[in-house]
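Q:
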Amino acid sequence: MSNGITLVLGATGKTGRRVAARLRLRGTPVRAASRSSGTRFDWSDPGSWDAALRGAAAVYVVAPRVPGPVHEFVARAEAAGVRRLVLLSGRGADTWGDSPFGLDMRSAEDAVRGSALEWTVLRPSNFAQNFDEDVFHAPLVAGELALPAGAVPEPFIDVEDVADAAAAVLTETGRHAGRTYELTGPRALTFGEAVELISRAAGRPIAYRRISPAEYAATLVAAGVSEDDAHHVAEMFVLMERGLIAATTDDLTAVLGRAAGTFEDYVVRAAAAGAWRR
Ligand SMILES: NC(=O)c1ccc[n+]([C@@H]2O[C@H](COP(=O)([O-])OP(=O)(O)OC[C@H]3O[C@@H](n4cnc5c(N)ncnc54)[C@H](OP(=O)(O)O)[C@@H]3O)[C@@H](O)[C@H]2O)c1
Numbered sequence: 010m011s012n013g014i015t016l017v018l019g020a021t022g023k024t025g026r027r028v029a030a031r032l033r034l035r036g037t038p039v040r041a042a043s044r045s046s047g048t049r050f051d052w053s054d055p056g057s058w059d060a061a062l063r064g065a066a067a068v069y070v071v072a073p074r075v076p077g078p079v080h081e082f083v084a085r086a087e088a089a090g091v092r093r094l095v096l097l098s099g100r101g102a103d104t105w106g107d108s109p110f111g112l113d114m115r116s117a118e119d120a121v122r123g124s125a126l127e128w129t130v131l132r133p134s135n136f137a138q139n140f141d142e143d144v145f146h147a148p149l150v151a152g153e154l155a156l157p158a159g160a161v162p163e164p165f166i167d168v169e170d171v172a173d174a175a176a177a178v179l180t181e182t183g184r185h186a187g188r189t190y191e192l193t194g195p196r197a198l199t200f201g202e203a204v205e206l207i208s209r210a211a212g213r214p215i216a217y218r219r220i221s222p223a224e225y226a227a228t229l230v231a232a233g234v235s236e237d238d239a240h241h242v243a244e245m246f247v248l249m250e251r252g253l254i255a256a257t258t259d260d261l262t263a264v265l266g267r268a269a270g271t272f273e274d275y276v277v278r279a280a281a282a283g284a285w286r287r
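Counting from 1, position 37 in the sequence shown corresponds to residue 46 in the numbering used here; the numbering is continuous, with no gaps.
(1) Alpha carbon to alpha carbon, how far is L261 from S134? Give it in angstroms, no decimals.
(2) May I ask you to list the residues that DSSP assigns as paired with E191?
(3) Say yes only if the C-beta of T189 is nearer than 7 Å to one or more non-hydrogen atoms of ligand 1, and no if none qualify.
(4) Can you tell me which of the three DSSP states S116 falls into?
(5) Say yes only if the C-beta of F50 is nearer than 7 Å to one or more non-hydrogen atoms of ligand 1, and no if none qualify.
(6) Reducing DSSP to helix, strand and coil, say where T199 ends up.
(7) Can you tell me where the alpha helix (DSSP H) holding E163 begins and where it ends?
(8) Return no unless some Cβ of chain C is closer than 8 Å to the Cβ of A84.
(9) Rounded to whole angstroms, what is the Cα-Cα separation between E205 and R213?
(10) Where does I14 fall in DSSP's three states?
(11) So, under 8 Å CB-CB, G201 and D167 are touching, yes? Tell me the CB distance rounded to an integer number of Å.
(12) What did DSSP end up calling R49 once you bin it into helix, strand or coil?
(13) Looking at the unbroken beta strand (DSSP E) that takes in A155, where does it start and where does it end?
(14) Among L154, A120, L16, P164, which has the Cα closest to the Cα of R218?
(15) Does DSSP classify L126 as helix, strand or coil?
(16) Where does the unbroken beta strand (DSSP E) through A253 begin, and where does it stop?
(17) When DSSP builds the beta bridges, which residues end up paired with L96?
(18) I want to check one thing, is the minimum distance from the CB of A72 to the heavy atoms of ligand 1 below 7 Å?
(19) Would you call G99 buried or exposed, if buried means 16 or more other Cβ atoms sit within 10 Å of its Cβ?
(20) For A88, is the classification buried or exposed, using 16 other Cβ atoms within 10 angstroms of its Cβ as the cut-off for buried?
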């Protein structure tokens, strides 16, 4: 398996670029793909898929935000001779009942599980790196993060751990086939506690404030996010408040044979790199 090409989707994203680097270091040939990567791959343009799949033995799948396309993609992967699929899904993908949130992840999981290929599903918790590489970053730099999250804690996972797990599952033979791994950090903490740690390590006051889901959606729209995406993200917080994905698991240790990194490890690294400097 390690001699074939691994197609890495979402290759410019938080997990994809880290997965690609790990595979290259292991000597696995990588084809890095996304709309803006060397290999152009666009979920909304099926005409871009076959060239990306040609000669690939394995695929790291970062699914689109809409349900559906992964079914056709899996059929194309089978036809192209791919042998292994590793899907990045999300914690709680099967716990949201009738909520539209997570439909994209559930659809992608169904597609991968229904394939004749060797597949593995990774279901990570919220990424620690959302605080310095994604939507929480700008508010933290501005001095206040306001979210619809209160006392229910979240076992944030370090994306470096997600990438280590993905690289292992993509390259190790056999033992991960047909498995779904719920990947979490070692300890759950509230968003208020997370921001407190960031503020201390950054050496400047940064506040956390709880707001309503509607207020949060309005904030996102004001920041340029589409109405649909804003309501989608706000809905995620409503669901998280049910506490269904707040527990930690040992799955990362089962995959890697070591403990997951702590949120404090992540905060120290990001603060030292200047992530939250004003
Ligand atoms: N953030 C979290 O806390 C969290 C937790 C659990 C699971 N997840 C899952 O992680 C996934 C996102 O992965 P990530 O954080 O590694 O990526 P990311 O940092 O959100 O970046 C998105 C990647 O997808 C590519 N992309 C965007 N639109 C595309 C399209 N239409 N066609 C092809 N590629 C496209 C982007 O590159 P281009 O712009 O070049 O196309 C980029 O490489 C989501 O499915 C989410 O559900 C996230």
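Even glycine gets a Cβ: it sits at the ideal position worked out from N, Cα and C.
A: The short version:
(1) 11 Å
(2) Paired residue(s): R132.
(3) no
(4) helix
(5) Because some heavy atom of ligand 1 lies under 7 Å away, the Cβ of F50 counts as near it: yes.
(6) coil
(7) Taken as a continuous stretch (DSSP letters only), E163 belongs to no alpha helix (DSSP H), as it is neither H nor E.
(8) No chain C is present in this structure, which holds just one protein chain.
(9) 10 Å
(10) strand
(11) Actually they do not touch by this definition, with Cβ atoms about 20 Å apart.
(12) strand
(13) 153 to 156
(14) L154
(15) Three-state DSSP puts L126 in coil, outside helix and strand.
(16) A quick correction: the sequence has Leu, not Ala, at residue 253. Per DSSP, L253 belongs to no beta strand (DSSP E) and is neither H nor E.
(17) DSSP lists V70, V130 as partners of L96.
(18) yes
(19) buried
(20) exposed
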